[in-house]
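Its first residue numbered 1, the sequence shown is counted upward by one per residue in the UniProt record's numbering. Notes follow once the structure below has been shown.
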Amino acid sequence: MTEKTEYKHADNLPGGDNVIVDFEDGIAWVRFNRPEKRNAMSVGLAEEMNEIFDALEVDDRCGVIVLTGIGDAWSAGMDLKDFFRATDGLSDVHRHRAYRSTRAWQWRTLMHYAKPTIAMVNGWCFGGAFTPLICCDLAVTDEKAVFGLSEINWGVIPGGVVSKAISTLMGDREAMYYVMTGEKFTGARAKELGLVNEAVPAEQLVERTRELAKILLEKNPTVLRQARMAYKFARYMDWEQAAEYLTAKMDQLAFVDPEKGKQEGLKQFLDEKSFRPGHGNYTRE
Ligand code: COA
């Protein structure tokens, strides 16, 4: 258990050193915990994240994840010493394992995670940190947080999978501009660039993120999961494939949803006339 922070790591969960998790009414606050290194991501941090995400997926205390940082950084990107320099000296096999560990949580897991995820960017966000930022479902930032694709300024390219990740959210002109100049930008600009949903004043960041998490917690979790997956896969299909896939997905949802949300929603709208989708949510048991 770390001595570095006021946050207490939850019981019966892996991690607690480079990453601290605490629960609050269905929200799992997953906090990068290397404030003295501006939450730079080391191999050790990746290993903890993998174990934590694996555990949270089946932990009933967690309905939604908020990924944030302790201290004044969200994350200063890959740890230049404990990831880059350290892995440069490894054998090919061990380097492969370190990279696999990082890729696992930063995008493979986050992109298709069973529960919704929100990045809450509380400060510095550089380089490799763009990958988990982009792979969270939603993102809220402090409007004054500082973002940067700084790689060009110290002799590398936006690697890992950063160049690919930014191309999914940023326009080509803007992405190329920041890749080529390494210029920093604020949270307010990150909102304009489509990297985050909202940029808010620092003092509203936690409350706004909590509000958003609560909205997600009120939804039928099975429908929410299927809607997230449907969007993420459909966007890479052509229209014909997407139409077929989404129709099949809708049928699958009716089959796997224990709440039978569709029947309930139709009943409340058509028979009982107790709700209008345009005015609110159907009433869940
Ligand atoms: N990798 C390894 N260590 C890092 C790091 C990173 N990406 N970012 C910060 N640190 C370390 C610093 O080396 C320093 O360690 P030390 O106390 O042992 O010297 C400590 O974190 C504090 O950093 P410092 O630079 O003193 O903090 P700051 O508040 O003045 O500046 C940043 C914060 C984020 C602007 C600055 O640390 C920085 O530019 N980091 C690198 C960002 C980057 O380019 N990341 C891309 C990596 S892919």
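All residues carry an ideal CB built from backbone N, CA and C; glycine is no exception.
### Task
Please report the residue range of the alpha helix (DSSP H) in which C62 lies.
Going by DSSP, C62 is part of no alpha helix (DSSP H) at all; its letter is neither H nor E.
Q.
Buried or exposed, going by whether 16 or more other CB atoms sit within 10 Å of the CB of F255?
A. exposed
Take G159 as the anchor and find which of K260, F83 and A248 has the nearest alpha-carbon.
F83
Using three-state DSSP, classify S42 as helix, strand or coil. coil
Buried or exposed for E3, going by 16 or more other Cβ atoms inside 10 Å?
Low per-residue confidence applies at E3: pLDDT is 42, beneath 50, and the placement is therefore not dependable enough to give any value.
With a threshold of 8 Å (Cβ to nearest heavy atom), would G77 be considered close to the ligand COA? yes
- Rounded to whole angstroms, how far is the Cβ of A46 from the Cβ of L13, which I believe are closer than 8 Å? A46 to L13, Cβ: 17 Å. No contact.
Exercise for the section: Taking only the alpha-carbon atoms, compute the straight-line gap between A119 and G89 and give it to the nearest angstrom. Expected result: Rounded to the nearest whole angstrom, the CA to CA distance from A119 to G89 is 32 Å.
- Query: Mind checking whether the beta-carbon of S150 lies closer than 8 Å to any heavy atom of the ligand COA?
  - Reply: yes
Nearest to M78 (by Cα), restricted to the options L193, R284 and F32:
It is F32.
| field | Residue environment, K273, which counts as buried when at least 16 other CB atoms sit within 10 Å | value | Classification for K273: exposed.
Fill in: Residue range of the beta strand (DSSP E) that includes S75
A73 to S75
### Backbone CA spacing between L80 and R38 [nearest angstrom]
12 Å
Counting pairs of beta carbons, one from the region 169 to 180 and one from the region 206 to 218, are three or more of them closer than 8 Å? Contact fails: fewer than three Cβ-Cβ distances are below 8 Å.
- Is the region 213 to 230 touching the region 144 to 159 in the sense that three or more CB pairs, one from each, lie closer than 8 Å? no
| Is any heavy atom of the ligand COA found at a distance shorter than 8 Å from the C-beta of G194? | no
Practice item. Give every residue of the same chain whose Cβ lies closer than 8 Å to the Cβ of K260, excluding the five residues on either side of it in the sequence, and list them in chain order. Key: A254
Inset, instruction - Give every residue of the same chain whose Cβ lies closer than 8 Å to the Cβ of F269, excluding the five residues on either side of it in the sequence, and list them in chain order. - result: F275, R276, P277 and Y282
Quick one: grab the DSSP three-state call for T283. Of the three classes helix, strand and coil, the one that applies to T283 here is coil, per DSSP.
| Bridge partner(s) assigned by DSSP for T129 | Note on identity: in this sequence residue 129 is Ala, with Thr being the wrong assignment. In DSSP, A129 forms no bridge with anything.
- Query: For V161, which three-state DSSP category applies?
  - Reply: coil
- request: Using 8 Å as the cut-off, classify the Cβ of D88 as near or not near the heavy atoms of the ligand HEM, replying yes or no.
  value: With respect to small molecules bound, the structure shown includes the ligand COA and not the ligand HEM.
Beta-carbon proximity of C125 to S75, cut-off 9 Å: Annotated as proximal: C125 and S75, with beta-carbon spacing under 9 Å.
Please confirm if the region 94 to 111 is in contact with the region 126 to 141, defined as three or more CB-CB distances below 8 Å between the two stretches.
Contact holds: three or more Cβ-Cβ distances are below 8 Å.
Tell me which same chain residues have a C-beta within less than 6 Å of the C-beta of K8, skipping the five on either side of it?
none
Using a Cβ-Cβ cut-off of 6 Å (strictly less than) and excluding sequence neighbours within five positions of Q106, which residues of its own chain qualify? T131 and P132
Which whole runs of the beta strand (DSSP E) in the region 148 to 209 are 3 residues long or more, in chain order?
184 to 186 and 198 to 200
Return the chain-ordered ranges of every alpha helix (DSSP H) run that is complete within the region 220 to 262 and spans a minimum of 4 residues. 221 to 234 and 239 to 256
Original post:
Just to confirm, does D82 get its C-beta within under 8 Å of one of the non-hydrogen atoms of the ligand COA?
Top reply: yes
With 16 as the cutoff for other CB atoms within 10 Å, does M1 come out buried or exposed?
-> Low local confidence applies: a pLDDT of 37 at M1 is under 50, so the model's placement there is unreliable, and no value is given.
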